[in-house]
Amino acid sequence: MRDETEGKDAENHIYEWAVKVLDEELSRVLADRRESWHEFREEFGYENLPYVETEEFRKIVSKETTVDLGGHMKNERMAILKYFVSRAERPELKHKRLWMWLYQYLQTHGNDYITQHLSGDMGSGKTDFAIFEARLWKLNHPDGEILSNIESFEQATTVLNQDELDEWIEENPDTDYFFVFDEANKHASGTGDSSAVEDQLYPLVTFIRKNDGNLVIIGHNPKDIHKWVRELCDFVHKTGLKTAKFYNSVGENGEPEGHFKTLRNIPQTSYDYDTNEVSDWSWADDKVQVCIGTNKEGERCSTPLRFDYDEEIEYFCDTHHNQSEPHPDVPAEELEETPYAPTDGSDDDRGEPVLSEDEEENVDGQTTQAGDRPEETPEEVRSSDTDEENPTQTADADNEQDTYTIENIPSEGWKMIYEKSRMVADDIDDWDMVEKILNDRELSDLKRMMD
């Protein structure tokens, strides 16, 4: 408390005698005398002398504290007695220790990274503080790169949309980076239309975290950022131009939780940017992934799927994970490069003729009867003979189907299937059904259990 009263800084508005003078009327008199002194002291030639160093102030406070001290001793008010015998720490020493803490907080190595949601009222210096943090991070990572959607941020690489950010990360997999994402209240809102957040920001944040990237998301209040993203971030609230409070997270009600540090006397950043810039950002043209299944009304589901960037992509939500075919209205281009992409034998190719077993199409597009086929070359004959003598490759596929059956699934495997589908052993007819329930990664885990 003494540091807060006598070891004052610019953000502290508590009078120095707040604890020493407990008489309310006398405290008001001192406050009036102080204001008058600072208003007229130049006329008396004492412009550099603060009121607390005047003889009048010292006599009043000395008398008051001496009279009260006996009562405090008698009543064993240890907190006040400790206050009287302690000494206030000089602000410059206190702030130096706080800056050393922030320097260590930003000193990321190995699997450590910064994922931070920074908020505050308009004009509280949020952007300046985020850039100040980027500057401190750069001191520890001279070969690292600062990225930002703030175009006027001269010391940063500008990325104005998610495609540019994804491209930079893919092209620089071994480069440490610190991404300052400004004006998140407009681009990542936790209220209103949050489809861009659900489809793109959440997986982007997890992707940055897993690739040792550092991220500061700037908004106006704790609810600016969608709750999925808030779960992954430290929360920092700028309470003023020179103060900031650090919290572990933001609760369901949008209130910060787990306060662990307060910083004061925060200086301006030495990096260059335009404080009046309204930063821009746009999401990728394509959404990450939405469910391609069919709901109970017979329409396409389109529920956004929640998964990390580097996880295996799933195409059906939890409700429709047992479905094996996409809804008929899913466009063919959306299914490209997926297990459900149209094949040569699909309905998309119904207009093409189907050749009989006695016909085949040669390179020139002409149909040839089976009897008109050219003789095999010596190389083709040798290849055919080798296949007949070594049929193991074909047999391996058949043996695998025989090895993995539902009768061989251990209890841990059934537990995995139940957690994914809420289906028990009596509900599963054959191994093919298991393959439809589990994705490739889960299926591989199950096979390792069975091996």
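The sequence shown begins at 1 in UniProt numbering and counts up one residue at a time.
By construction, the Cβ of each residue, glycine as well, lies at the ideal position given by its N, Cα and C atoms.
7 Å Cβ cutoff met for residue i and residue j
| i | j | result |
| --- | --- | --- |
| Q104 | N140 | no |
| H327 | T275 | no |
| F178 | N214 | yes |
| K245 | K126 | no |
| V216 | V180 | yes |
| Y273 | F153 | yes |
| D128 | T269 | yes |
| R209 | Y113 | yes |
| T157 | E145 | yes |
| Y271 | Q155 | yes |
| E412 | M449 | yes |
| P339 | A332 | no |
| residue 468 | S119 | The chain is shown only over 1 to 451; residue 468 falls outside these bounds and no answer can be derived. |
Environment of residue i [buried if 16+ CB atoms lie within 10 Å]
| i | result |
| --- | --- |
| M122 | exposed |
| W101 | exposed |
| R441 | exposed |
| H38 | exposed |
| D429 | exposed |
| D176 | buried |
| S279 | buried |
| L165 | buried |
| I417 | buried |
| G45 | exposed |
| A134 | buried |
| I169 | buried |
Which residues DSSP lists as bridging residue i, in chain order
| i | result |
| --- | --- |
| G240 | T243 |
| L263 | A244 |
| T157 | L147 |
| L250 | In the sequence under discussion, the amino acid at residue 250 is Val, which differs from the Leu named in the question. BP columns for V250 point to P256. |
| L118 | I218, V236 |
Same chain only: Cβ atoms within 7 Å of residue i, ignoring 5 sequence neighbours per side
| i | result |
| --- | --- |
| F235 | H117, P222, Y247, S249, V250, P256 |
| K261 | W101, F246 |
| S302 | V290, C291 |
| E47 | R41 |
Cβ shell of residue i (< 6 Å), same chain only, five flanking positions each side left out
| i | result |
| --- | --- |
| V21 | S27, E64 |
| L232 | T115, V205 |
| W228 | Y202 |
Same chain, Cβ closer than 8 Å to residue i, five either side skipped, listed in chain order
| i | result |
| --- | --- |
| A425 | I406, I409, W414 |
| I266 | G125, F129, F132, L241, K242, T243, A244 |
Simplified DSSP state of residue i, which is helix, strand or coil
| i | result |
| --- | --- |
| Y103 | helix |
| P203 | helix |
| L30 | helix |
| G365 | Per-residue confidence for G365 stands at a pLDDT of 47, beneath the threshold of 50, marking its modelled position as unreliable; no derived number is given. |
| Q162 | helix |
| E277 | coil |
| S411 | helix |
| N140 | helix |
| P256 | strand |
| V180 | strand |
| T175 | coil |
| T319 | helix |
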